[in-house]
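Participant: Numbering (this note's numbering), first residue to last: 15 to 131. Just so you know, even glycine gets a beta-carbon here, dropped at the ideal spot from N, CA and C. Computed from a predicted model, the values in this text were never measured in an experiment.
1. For a test of the three-state rule: what should DSSP assign to residue 99, helix, strand or coil?
2. State the Cα-Cα distance for the pair residue 32 and residue 59, rounded to the nearest angstrom.
3. In the structure shown, what three-state DSSP assignment does residue 15 receive?
4. Measuring straight from C-alpha to C-alpha, what distance separates residue 72 and residue 91?
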């Protein structure tokens, strides 16, 4: 009887050990799967970080190009305004010159008329 009780205890312990071994194997597989998932996630995060850095560099480059274009446009606008100012000044001088020439011509004309009288 005592031997039979020991056999039952041992059988129960064997069954428990079997269940624990199965649980251990399941947990090992779960840990391995989670580790693989973590590695994939880390690789994905690393790729995303690289893409973000490339995107930021691209944005910085475009920003620099836009600033450069804007500065170039401002320089061209200034040069154009200066050219217009020079043209206005030249036109004003020519107008004054024409006015003076016109006045001189008018004065000469009056002198000639006086001479003719």
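Facilitator: Taking the definition as stated:
1. helix
2. 40 Å
3. coil
4. 28 Å
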